[in-house]
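Throughout, this note's numbering is defined as the position within the sequence shown, counted from one, plus 7. The beta-carbon is built from N, C-alpha and C at its ideal position, and this holds for glycine as well. In this text, all values refer to a predicted model and were calculated from it rather than measured experimentally. Data block below; observations after.
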Amino acid sequence: LRDAAVLATGFCAGLAPGMHPGDLVVAEETRDPRGSVPCVGTELLVKELLRTVPGRTVHTGPLTGSDHVVRGPERADLLATGAIAADMESAATLLSAVRAGARPVAAVRVVVDAPEHELVRIGTVRGGISAFRVLRSVLPAYLEWHRSLLLPRR
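Okay, structure coming up:
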């Protein structure tokens with residue numbers, strides 16, 4: 008699977024005001040202290056996500072990596088770098104993928120907590136359940152993204 012496409016998916020912390028649990032984030036790039044990786048086919052992913060889950064908000068922008076759950080003032084610091092969301096897997100996954108060989112990569116995350124809805128609150132449990140349902144429902148968009156790529160046939 009040397010040239011296989013890689014799509015990092017899961018949950019993230021929204022950094023921007025107005026983000027809500029269940030919103031989707033399509034990364035234009037992922038970044039962490041080791042570097043940044045541009046994502047491929049983001050416009051198609053946004054289009055397919057909006058078609059698959061109508062009425063759901065989709066945000067686009069940089070997704071930053073963290074080795075811990077970000078809270079409080081740290082969210083504002085990360086937002087000031089231009090990132091719109093943070094997670095603990097995407098940057099490392101996509102960086103490893105492209106270092107192993109040229110391939111299309113992308114990241115789609117579902118917001119589980121946001122500045123106004125942090126994980127420390129008990130109400131975030133509802134947000135997590137909502138985010139899981141959204142994540143489960145967007146699989147058709149991932150398949151369309153994969154079909155759109157010009158990958159060698161096996």
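Residues near residue i by beta carbon distance below 7 Å, same chain, minus five either side
i      : result
PRO111 : ALA12, VAL47, GLY48 and LEU156
Rounded distance between the beta-carbons of residue j and residue i, thought under 8 Å
i     : j      : result
ALA34 : ALA114 : 4 Å
GLY21 : ALA121 : 4 Å
THR67 : SER144 : No, THR67 and SER144 are not in contact; Cβ-Cβ is about 19 Å, not under 8 Å.
Secondary structure of residue i, DSSP reduced to three states
i      : result
ASP94  : strand
PRO69  : strand
ALA111 : It should be noted that the sequence gives Pro, not Ala, for residue 111. The answer is coil: DSSP assigns PRO111 none of H, G, I, E or B.
VAL76  : coil
THR100 : helix
PRO40  : coil
LEU22  : coil
PRO45  : strand
Residue i Cβ short of 7 Å to the ligand MN heavy atom set
i     : result
VAL60 : Judged by which ligands are present, the structure shown has none, so any question about the ligand MN falls away.
Residue i classed as buried or exposed, judged by whether at least 16 other C-beta atoms fall within 10 angstroms
i      : result
THR88  : exposed
GLU3   : The structure shown does not extend to residue 3, since the chain is modelled only from 8 to 161, so the question has no answer here.
GLU50  : exposed
ALA104 : buried
LEU56  : buried
LEU101 : buried
Residues near residue i by beta carbon distance below 6 Å, same chain, minus five either side
i     : result
ASP94 : CYS19 and ARG116
Close Cβ partners of residue i (< 8 Å) along its chain, the five nearest in sequence each way excluded
i     : result
ARG38 : VAL44, PRO69, LEU70, THR71, GLY72, ALA90 and ALA98
LEU14 : VAL112, ALA113, ALA114, VAL115, TYR149, TRP152 and HIS153
GLU36 : SER43, VAL44, PRO45, CYS46, PRO69 and LEU70
For residue i, the nearest candidate out of the options (CA to CA)
i     : options                         : result
GLY25 : VAL76, LYS54 and GLU125         : GLU125
PRO28 : HIS153, PRO40 and VAL65         : VAL65
LEU52 : ALA109, VAL118 and LEU31        : LEU31
LEU86 : GLY108, ALA23, ARG78 and VAL76  : ALA23
PRO40 : GLY17, ASP74, PRO147 and VAL145 : ASP74
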